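**Student:**
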Amino acid sequence: RIVDERYCDASLSLNSVAEEVGISQSHLSRVFHEATGVRFVDYVIGARVERAKVLLAGPDSVAQIGRDVGYNNSHSFQRIFKQWTGVTPSEYRSTARAESDRKT
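Under our numbering, the first residue of the sequence shown carries the number 331, and numbering increases by one thereafter.
(1) What would DSSP say about residue 352, mapped onto helix, strand or coil?
(2) In chain order, what residues of the same chain have a beta carbon less than 7 Å from the beta carbon of residue 332, not counting five sequence neighbours either side?
(3) Is residue 398 helix, strand or coil when you go by DSSP?
(4) Using a Cβ-Cβ cutoff of less than 6 Å, which residues in the same chain neighbour residue 342 once the five nearest sequence positions on both sides are dropped?
(5) Drop a sphere of 10 angstroms on the beta-carbon of residue 367, count the other beta-carbons inside from all chains shown, and report buried for 16 or more, exposed for fewer.
(6) Which of helix, strand or coil does DSSP assign to residue 376?
(7) List the endpoints of the continuous alpha helix (DSSP H) containing residue 417.
(8) With a CB to CB cut of under 7 Å and the five nearest residues on each side skipped, what residues in its chain are close to residue 412?
Shown next, in the form of structure tokens:
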């Protein structure tokens, strides 16, 4: 729940959540993986990328969207987005807009 509510917080980390809930990082990591089937960091990245996809339909710049989903560095956001989706945020935006235009 904490991750789902605060994935856009750039300071969100395994350590910060472990401290908040009062358990060790290693225990949280193990329990989180057992509960979700993915590593903590991958869950956070996935949540951020999915939210970025939604925001890319709007008018905000790619850099602003990166900040909005928890990345202080635009280059890091663009690199991670491409690793996860296979396209840059700008390419994703263009493709999504073209698909939207075809539907209307």
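Every residue, glycine too, gets a C-beta built ideally from N, C-alpha and C. This one's a predicted model, so the numbers in the text were calculated from it and none came from an experiment.
**Tutor:** On the basis of the data shown:
(1) Three-state result, residue 352: coil.
(2) So the list reads 347 and 350, once near-sequence residues are dropped.
(3) Correct three-state label for residue 398: helix.
(4) Short of 6 Å from the beta carbon of residue 342, and not among the five residues preceding or following it, lie these beta carbons of its own chain, in chain order: 336.
(5) Result: exposed.
(6) DSSP places residue 376 in helix when its eight states are reduced to three.
(7) In the DSSP assignment, residue 417 falls outside any alpha helix (DSSP H) and carries neither an H nor an E.
(8) Spatial neighbours of residue 412 in its own chain (CB-CB distance under 7 Å, excluding positions within 5 residues in sequence) are listed in chain order as 418.
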